[in-house]
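Contents: one structure, followed by commentary.
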Amino acid sequence: MKKIFIINGGQNFGHSGGKYNHTIAENTLEVLKNFDNVEIQITNISEGYDKNEEVQKFVWADYIIYHTPIWWLQLPNGFKKYIDEVFTAGHAKGIYMSDGRTSENPKINYGTGGMLGGRKYMVTTSWNAPETAFTLPGEFFSETSVDEGPLFGFHRMNAFVSLEKMESFHFHDVEKNADVERDMKLYREHLTAIFEKELKTQLV
Numbered sequence: 001m002k003k004i005f006i007i008n009g010g011q012n013f014g015h016s017g018g019k020y021n022h023t024i025a026e027n028t029l030e031v032l033k034n035f036d037n038v039e040i041q042i043t044n045i046s047e048g049y050d051k052n053e054e055v056q057k058f059v060w061a062d063y064i065i066y067h068t069p070i071w072w073l074q075l076p077n078g079f080k081k082y083i084d085e086v087f088t089a090g091h092a093k094g095i096y097m098s099d100g101r102t103s104e105n106p107k108i109n110y111g112t113g114g115m116l117g118g119r120k121y122m123v124t125t126s127w128n129a130p131e132t133a134f135t136l137p138g139e140f141f142s143e144t145s146v147d148e149g150p151l152f153g154f155h156r157m158n159a160f161v162s163l164e165k166m167e168s169f170h171f172h173d174v175e176k177n178a179d180v181e182r183d184m185k186l187y188r189e190h191l192t193a194i195f196e197k198e199l200k201t202q203l204v
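Here it is as C-alpha cells:
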C-alpha cells in the first residue's frame with residue numbers, strides 16, 4: 001500500500017477564490033482513487049492546518065503532490081508560509097536534520113541533510129501566462145521553462161529535504177483563455193501515466 005499526500009495551495013485572496021486549484025485537487029483525488037493500492041491524505045492550506053500534524057504527513061507519505069497557483073511569478077503567500085512553518089517544525093523530526101555540512105569542512109555537502117529520502121514529489125502550477133511566454137523567442141521568460149526558471153528554487157527546496165522530483169504539470173492561460181475541460185483531461189492522463197508506472201498496476 002502506497003501513501004500519497006496531496007497539498008492544495010490554492011488561496012482566496014484578491015480576485016482569486018482558489019477554485020481552479022481546488023478543481024485540480026479534486027481531479028487528483030478522482031484519478032488516484034482508481035488505484036486499489038493507495039492511501040490518501042489531503043491538506044487544503046486555506047482551511048488551516050496544524051504544522052506538527054503536517055510534518056507527520058510528510059513523514060507518512062511515499063508521494064507528495066503539490067498544487068499551487070503562481071502569483072507575481074512566485075508561490076502565493078499562504079503556501080510559502082505553510083512551507084516555512086511546516087519545514088521548520090520538521091527540523092530533526094523527519095523533514096531535515098541539518099544543511100548537511102560539517103564544521104570541519106563547511107565548503108561542501110550543502111543540501112545533503114534531508115530526511116525524506118526514498119519519497120517523491122510532483123507539483124502542478126497554474127498561470128495567467130500562456131505557455132508561449134516560456135517557449136517563443138523574444139517572449140517574457142526568454143525560452144526558460146517553468147521548472148528551470150520560476151520553480152528552480154522550489155525544486156531545490158525539495159531536494160534539500162531529500163525528495164525526488166517527478167514530472168511536473170503546468171496549467172497556462174487560466175484567466176484569459178481557460179479551457180478547463182481540456183486541461184483537466186490532459187492532467188488526468190498525465191497523472192494516470194505517472195502512477196501506473198510508479199505503482200506498477202493497472203486501473204481497476
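The sequence shown begins at 1 in UniProt numbering and counts up one residue at a time.
Note that the Cβ used here is the ideal one computed from N, Cα and C, for glycine as well.
Source: prediction; values computed, not measured.
The alpha helix (DSSP H) spanning Lys51 covers which residue range?
-> For Lys51, the uninterrupted alpha helix (DSSP H) run begins and ends at Lys51 to Trp60, by DSSP.
Leu29 to Phe58, Cα distance in whole Å?
-> Using only the alpha carbons, I get a separation of about 18 Å.
Mapping DSSP to helix, strand and coil, what is Ile108?
-> Ile108 falls in the coil class under three-state DSSP.
Could you give the distance in angstroms between the alpha-carbon of Arg156 and the alpha-carbon of Thr144?
-> If you draw a straight line from the Cα of Arg156 to the Cα of Thr144, it is about 17 Å long.
From this set, Arg182, Lys80, Gly111 and Ile70, which residue's C-alpha is nearest Phe160's C-alpha?
-> The shortest CA-to-CA distance from Phe160 to any of Arg182, Lys80, Gly111 and Ile70 is the one to Gly111.
Are the C-beta atoms of Ala25 and some chain D residue less than 9 Å apart?
-> The structure shown contains no chain D, having only a single protein chain.
Verify whether the separation of the beta carbon atoms of Gly94 and Gly113 is less than 9 Å.
-> The criterion of a C-beta distance shorter than 9 Å is not satisfied by Gly94 and Gly113.
If you draw a straight line from the alpha carbon of Ile40 to that of Gly90, how long is it in whole angstroms?
-> Using only the alpha carbons, I get a separation of about 21 Å.
Taking only the alpha-carbon atoms, compute the straight-line gap between Gly9 and Leu191 and give it to the nearest angstrom.
-> Distance between the alpha carbons of Gly9 and Leu191 is about 18 Å.
Which word fits Gly18, buried or exposed, when buried means at least 16 other C-beta atoms lie within 10 angstroms of its C-beta?
-> It is buried - the Cβ of Gly18 has at least 16 other Cβ atoms within 10 Å.
Can you give me the Cβ contacts of Asp183 inside the same chain, cut-off strictly under 6 Å, excluding the 5 residues immediately before and after it?
-> Within the same chain, Asp183 has close Cβ partners Phe171.
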